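If you count by my numbering, then the sequence shown holds residues 58 to 355, one letter each, in order.
Below is one structure; the comments refer to it alone.
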Amino acid sequence: MRFLKLFMVLLFIALPLAAFAAEKKANSIDELAKMYDSSSCKKCHAEIYAQWEKSHHARSLMGVKGGLMLTPLALKKGTPGSTAFSEDDPKKMTIKNFPCFKCHLPQAVISAEDSVAVELAEALLAKDSAKVGKLQITCIVCHNTKAIIHKRELGEPRKNVLYSSKAVAQHPDGKYKAVEKSAIFKDSVYCGQCHGLGPNLEFDQPFQCANLYGSYLHSYIPSGGAQTCQDCHMQKGDHLIAPNFNDDKGTSELLAKAISLDVQTLGYEWLRKAGTYISKVVVNTKITQTAGHRIPDG
Ligand code: HEC
Ligand code: HEC
Ligand code: HEC
Ligand code: HEC
Ligand code: HEC
58 MRFLKLFMVL LFIALPLAAF AAEKKANSID ELAKMYDSSS CKKCHAEIYA
108 QWEKSHHARS LMGVKGGLML TPLALKKGTP GSTAFSEDDP KKMTIKNFPC
158 FKCHLPQAVI SAEDSVAVEL AEALLAKDSA KVGKLQITCI VCHNTKAIIH
208 KRELGEPRKN VLYSSKAVAQ HPDGKYKAVE KSAIFKDSVY CGQCHGLGPN
258 LEFDQPFQCA NLYGSYLHSY IPSGGAQTCQ DCHMQKGDHL IAPNFNDDKG
308 TSELLAKAIS LDVQTLGYEW LRKAGTYISK VVVNTKITQT AGHRIPDG
């Protein structure tokens, strides 16, 4: 009997671990894209889907205007433009050679084999944008993978469950049958997971990319700022999450609204001595911006 109890206890401990480990990692870009595919959401959330499709999150490895900005990492080590993360053969690339995945493709860190890094490096070198473009920050990445930060208390995000600012007990999607409430969806820390505090010091070769969340926390909030990233960037649930740098007109309009330049001038002539007038001008400029952080970032 005692043995049976012990066995049951062990079984219960083993089950959840087994369920997690049983999930096979993706061996190819197509497999990884399929695991985090959110095309099923389009049918019912058409407007949000259309906004997301135009957003930078939907092309997180593509770079501005299709610039394939991860290419330097795939270049042969030591050649012009290569980086400390480059290898002398793209076949040697691993997930660790792309520390950028931490924010640009978090699903690769937990669900991809090194073969995905090799395939990506080869696709970058071949300028195969169609293939690179399959890797995105999809609805699933935001509404599942990045939905829980206090994992010691709350555990990992569960399979086939979505998380959002409110729960939906019966969610009619074929795979994601419930939406649970996440504590962070309305908070800036949610975006701060990827929008950076400063240099990424945890890697064996530190580097810096986005650090706007640092500026938000240490400048905007201490100066009395009270809005969240979502308040300013996701009004009415807008998933374009502008600016969209591929849209020059939209970006200029946003910037024109966000940045104001006040110029006051005073022109006069200075009577230095009788009959000698020297032209002078005083120009006062004041640039203000309404963002909750420094712009531009980076
Ligand atoms: C068959 C239709 C259908 C499909 C497919 C579907 N949804 Fe939903 N979704 C709904 C409905 C209906 C609600 C509930 C709306 C409500 O009660 O406010 C909902 C609610 C949600 C919510 C919670 C909304 C909130 O207010 O916080 C999220 C998040 C969500 N869906 C994401 C997704 C994602 C991601 C997918 C794709 C994996 C998806 N949905 C697929 C119909 C669908
Ligand atoms: C801490 C998270 C984080 C890490 C790590 C990170 N990035 Fe970024 N990166 C971002 C975010 C967020 C943006 C967009 C927002 C911004 O620029 O403020 C961005 C923007 C960029 C841009 C400019 C926009 C574009 O698409 O052309 C480039 C280039 C870039 N990242 C390259 C890299 C490379 C290369 C690495 C790895 C060596 C990397 N990033 C690692 C978060 C990160
Ligand atoms: C960059 C992360 C991110 C991505 C990508 C993303 N979402 Fe969201 N989504 C959020 C956040 C954050 C909120 C909560 C916003 C708020 O409450 O202010 C949200 C809210 C929602 C809501 C509730 C909207 C409302 O009006 O109340 C739905 C539904 C939803 N998302 C569906 C989707 C679908 C479908 C996709 C893919 C097409 C998607 N999301 C992609 C972060 C994301
Ligand atoms: C999973 C990581 C992740 C999360 C979570 C995330 N972002 Fe991003 N975001 C990125 C990356 C990476 C880019 C840049 C993609 C590219 O290279 O163009 C980006 C781009 C953007 C951009 C476009 C401007 C630019 O420089 O590319 C805005 C604005 C933005 N994010 C705001 C937000 C807000 C607001 C939230 C929270 C609701 C959020 N993001 C959540 C990773 C993330
Ligand atoms: C008070 C409103 C406000 C808050 C709060 C805010 N933003 Fe912004 N954000 C803006 C404005 C305005 C711009 C400038 C618009 C533009 O560049 O076209 C901007 C620009 C950006 C950009 C583009 C940066 C670049 O290099 O040009 C990113 C990325 C971004 N915000 C992300 C965030 C994230 C993440 C948070 C929360 C940590 C946040 N924002 C909080 C208003 C805000």
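C-beta atoms are modelled at their ideal positions from N, C-alpha and C, and glycine is treated no differently.
Please read all numbers here as calculations on a predicted model, not as lab measurements.
Comparing the CB of residue i with every heavy atom of ligand 7, is any distance shorter than 7 Å?
i: S245; result: This structure does not include ligand 7; its bound ligands are ligand 1, ligand 2, ligand 3, ligand 4 and ligand 5.
Is residue i near residue j, with beta carbons less than 8 Å apart?
i: K82; j: A178; result: no
i: V198; j: S85; result: no
i: K223; j: K234; result: no
i: L219; j: H200; result: yes
i: S96; j: I298; result: no
i: V339; j: L318; result: no
Can you tell me which of the options puts its alpha carbon nearest to the alpha carbon of residue i?
i: D230; options: S85, A141, D87, D94; result: D94
i: H290; options: D244, E259, F260, E326; result: D244
i: P163; options: H252, D354, P137, K133; result: H252
i: A180; options: Y325, D87, G332, T333; result: D87
i: H161; options: K203, G282, P137; result: K203
i: G190; options: Q250, V121, I167; result: V121
i: N268; options: Q262, S276, D261; result: S276
i: N217; options: Q227, R209, K208; result: Q227
i: I316; options: T136, I241, T345; result: T345
i: L89; options: L192, K149, E110, V175; result: L192
Just to check my reading of the structure: residue i and residue j have Cβ atoms closer than 8 Å, yes? What is that Cβ distance to the nearest angstrom?
i: A131; j: P147; result: 6 Å
i: V246; j: V236; result: Contact doesn't hold; Cβ gap of about 20 Å is too wide.
i: G349; j: G282; result: 5 Å
i: P129; j: N257; result: Not really, about 16 Å apart at Cβ, beyond 8 Å.
i: C196; j: C248; result: Incorrect: roughly 16 Å between the Cβ atoms, too far for contact.
i: S186; j: M92; result: Going by Cβ atoms, the distance from S186 to M92 rounds to 21 Å, so no, they are not a contact pair.
i: V320; j: T342; result: 5 Å
Which class does residue i belong to by DSSP, given the choice of helix, strand or coil?
i: F158; result: helix
i: R116; result: helix
i: Q250; result: helix
i: T342; result: strand
i: R209; result: helix
i: G255; result: coil
i: A55; result: Past the edges of the chain, shown from 58 to 355, lies residue 55, and the structure says nothing about it.
i: S336; result: strand
i: T140; result: coil
i: I298; result: coil
i: K99; result: helix
i: L61; result: The predicted model places L61 with a pLDDT of 46, which falls under 50 and marks its position as unreliable, so this point remains unresolved.
Below 7 Å, is the gap between the Cβ of residue i and the nearest heavy atom of ligand 1?
i: Y38; result: There is no way to answer for residue 38, as the model of the chain reaches only from 58 to 355.
i: Q100; result: Note that residue 100 corresponds to Lys in the displayed sequence, not to Gln. Yes, the Cβ of K100 comes within 7 Å of a heavy atom of ligand 1.
i: K223; result: yes
i: P256; result: no
For residue i, is the beta carbon positioned less than 7 Å from some heavy atom of ligand 5?
i: P353; result: yes
i: H161; result: no
i: H252; result: yes
Under 7 Å from any heavy atom of ligand 2, does the C-beta of residue i make it?
i: A50; result: Here the chain comprises residues numbered 58 to 355, so residue 50 is not present and cannot be evaluated.
i: H290; result: no
i: E156; result: Residue 156 is actually Pro in this sequence, not Glu. Correct: P156 has its Cβ closer than 7 Å to ligand 2.
Can residue i be considered in contact with ligand 4, in the sense that its beta carbon sits closer than 7 Å to one or more heavy atoms?
i: G294; result: no
i: I316; result: no
i: R116; result: yes
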